[in-house]
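Everything on this sheet refers to the single structure shown next.
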Amino acid sequence: MDRELSAATKQANRRKRIWQVSIAAALVLAAIFGIRSLLAPGISRSEVRTAVVERGPVVATLSASGVVVPEHEQAITSPIQARIEQVVRNAGEQVKPGDQVLLLDRSFTQLAYDKLKDEQQLNQHKSVQMRLQLDKKLNSLESQLAIKRMNVRSLQAQLEDEQYLLKIGGGTQEQVKQAELKLKIAQQELAQLEQDIESERKLLRADEQELSYTLAMNGRSLEELERKMQQAEVRATRPGVVTWVKNEIGSSVNAGEVIARLADLSSFRVQASISDAFADQLHVGGDAIARINNTDLQGSIVAIEPSVKNGTVTFYVALEEKSHQLLRPSLRVDLFVTTASKHDALRVKNGPYFNSGSPDNVFVLREDVLIQVPARTGMSNPDFVELENGVQPGDVVVISDMKDFEHVQKVRLK
6 MDRELSAATK QANRRKRIWQ VSIAAALVLA AIFGIRSLLA PGISRSEVRT
56 AVVERGPVVA TLSASGVVVP EHEQAITSPI QARIEQVVRN AGEQVKPGDQ
106 VLLLDRSFTQ LAYDKLKDEQ QLNQHKSVQM RLQLDKKLNS LESQLAIKRM
156 NVRSLQAQLE DEQYLLKIGG GTQEQVKQAE LKLKIAQQEL AQLEQDIESE
206 RKLLRADEQE LSYTLAMNGR SLEELERKMQ QAEVRATRPG VVTWVKNEIG
256 SSVNAGEVIA RLADLSSFRV QASISDAFAD QLHVGGDAIA RINNTDLQGS
306 IVAIEPSVKN GTVTFYVALE EKSHQLLRPS LRVDLFVTTA SKHDALRVKN
356 GPYFNSGSPD NVFVLREDVL IQVPARTGMS NPDFVELENG VQPGDVVVIS
406 DMKDFEHVQK VRLK
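Here my numbering = 1-based position in the sequence shown + 5.
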């Protein structure tokens, strides 16, 4: 006969079944996770570049292209219209103050100088001749004036005599009136003559002044032509290097035309260009960095050209170390213009990921798995990128290109 199992036996069987079910469920879960891990994408460690999140300053910059140019460059212009007669210094040669660079033909200017000198001598002769003529005329008028004065005195005496005779009954009223009329006429003629003499003196002074102005202007013109003829021997006024010279012997040049350039190669600055789309972010006094062979030279914007050429804006940067040993004329450099900065920010080294990946996520290394987490990027420059959230100092973040995994949450490291 079958016997009913005891309560203890039933409880033992129940526990056994529970253990069996639990073990089976665990095996199923392990199999599921194992399969998922086997199906998760992977990437070789050698293909991944990482960087550690840290705290530090981040400077936002704009990238521009630049070329090193001399800080001081002198353009030498032709002082006269002439032909190039001789090239004394060629491009690349060093010069000292007083060294001759070019020689210009002075024959045309010499003719103008000789002609003006002849005119000056003629004007000087005219000045002497005019003075003699006016002196002669004044002397004649002065003589007439003396005679008129004596005549007036004589007529005054005659009038007094007629008045006396009339008083004693020896003359007539008509005789007195005649004497008075003669005196008035003589006095009027005397006054007119005095005015004529004064007018002649003023005219003489005016003519002399006009002629002196002409002589002075011609004198200055002669000095200017003489100076220009001396400058036809084109000489350097400061030490430097000839960077360019118009070496076409026999060619004509106009007055004011640039015929040579000298540069002081002891100090430099950077001539940079950037897209006009960023023109509103440039301002005089703004900070900039010139990078030469991984060496950063600090500087600031000192000038911005107002015109836009071919969609670019040209500006100039003065360097703090303007005589740095790495600086060379025409050397191309990377230039970074500062637009904003933070002194204490979460940052990580810049890399291809931030140019190709999602700007709102990063891959963080957790043991042997790369986990994609939300992390918003902020300011950036070629060296660092700011991470505003989602990470902590010490986290290891992928900075290599992960474009093929941007839709994957986890990536295994092989």
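Note that CB positions come from ideal geometry on N, CA and C, so glycine has one too.
I think residue i touches residue j, with their Cβ atoms under 8 Å apart; what is that distance to the nearest whole Å?
i, j, result
"Val313", "Asp281", "5 Å"
"Ala241", "Gly71", "Going by Cβ atoms, the distance from Ala241 to Gly71 rounds to 28 Å, so no, they are not a contact pair."
"Ala265", "Phe341", "Between Phe341 and Ala265 the Cβ distance is about 35 Å, and since that is not below 8 Å, they are no contact."
"Gln91", "Leu107", "7 Å"
"Leu150", "Glu199", "7 Å"
"Leu188", "Leu160", "4 Å"
"Pro244", "Val353", "Not quite, the Cβ-Cβ distance comes to about 49 Å (not below 8 Å), so this is no contact."
"Ile202", "Leu146", "5 Å"
According to DSSP, simplified to helix, strand and coil, what is residue i?
i, result
"Val390", "strand"
"Lys101", "coil"
"Asn366", "strand"
"Gly224", "helix"
"His288", "coil"
"Glu203", "helix"
"Ile254", "coil"
"Met384", "strand"
"Leu67", "strand"
"Gln276", "strand"
"Val413", "coil"
"Thr219", "helix"
"Lys408", "helix"
"Glu185", "helix"
"Pro46", "coil"
"His329", "coil"
"Val260", "For the record, residue 260 in the displayed sequence is Ala; it is not Val. Residue state, collapsed to three classes: coil."
"Gln377", "strand"
"Arg154", "helix"
"Asp400", "coil"
"Asp7", "Per-residue confidence for Asp7 stands at a pLDDT of 48, beneath the threshold of 50, marking its modelled position as unreliable; no derived number is given."
"Ala354", "This sequence places Lys at residue 354; Ala is not what is there. Of the three classes helix, strand and coil, the one that applies to Lys354 here is strand, per DSSP."
"Val133", "helix"
"Ser312", "strand"
"Ala345", "strand"
"Arg210", "helix"
"Ala241", "coil"
"Glu147", "helix"
"Leu230", "helix"
"Gln86", "coil"
"Asn298", "coil"
What do you get for residue i, buried or exposed, if any count of 16 or more other CB atoms within 10 angstroms of its CB means buried?
i, result
"Thr177", "exposed"
"Ala380", "buried"
"Arg274", "buried"
"Val57", "exposed"
"Ser83", "buried"
"Tyr218", "exposed"
"Val289", "exposed"
"Ile306", "buried"
"Ala96", "exposed"
"Gln414", "exposed"
"Ile279", "buried"
"Arg111", "buried"
"Gln377", "buried"
"Lys233", "buried"
"Val133", "exposed"
"Val263", "exposed"
"Met155", "exposed"
"Asp123", "exposed"
"Ile28", "exposed"
"Ala237", "buried"
Cβ of residue i within 7 Å of Cβ of residue j?
i, j, result
"Val402", "Val367", "yes"
"Val416", "Leu375", "yes"
"Lys419", "Ser49", "yes"
"Ala295", "Leu287", "no"
"Ser346", "Arg88", "no"
"Leu164", "Glu185", "yes"
"Ser271", "Ser328", "yes"
"Asn386", "Thr55", "no"
"Val157", "Gln168", "no"
"Val64", "Thr343", "yes"
"Glu98", "Ala268", "no"
"Asn223", "Gln126", "no"
"Leu121", "Leu227", "yes"
"Gly383", "Glu372", "no"
Please name the residue in the options whose C-alpha comes closest to that of residue i.
i, options, result
"Thr300", "Arg20, Leu227, Leu137, Asp388", "Asp388"
"Val246", "Leu67, Glu238, Arg225, Ile81", "Ile81"
"Glu229", "Glu253, Ala117, Val64, Tyr321", "Ala117"
"Ile309", "Ala277, Val378, Leu324, Val74", "Ala277"
"Val250", "Asp119, Thr317, Val93", "Val93"
"Asp140", "Lys207, Glu253, Tyr358", "Lys207"
"Val318", "Arg210, Gly61, Ser68", "Ser68"
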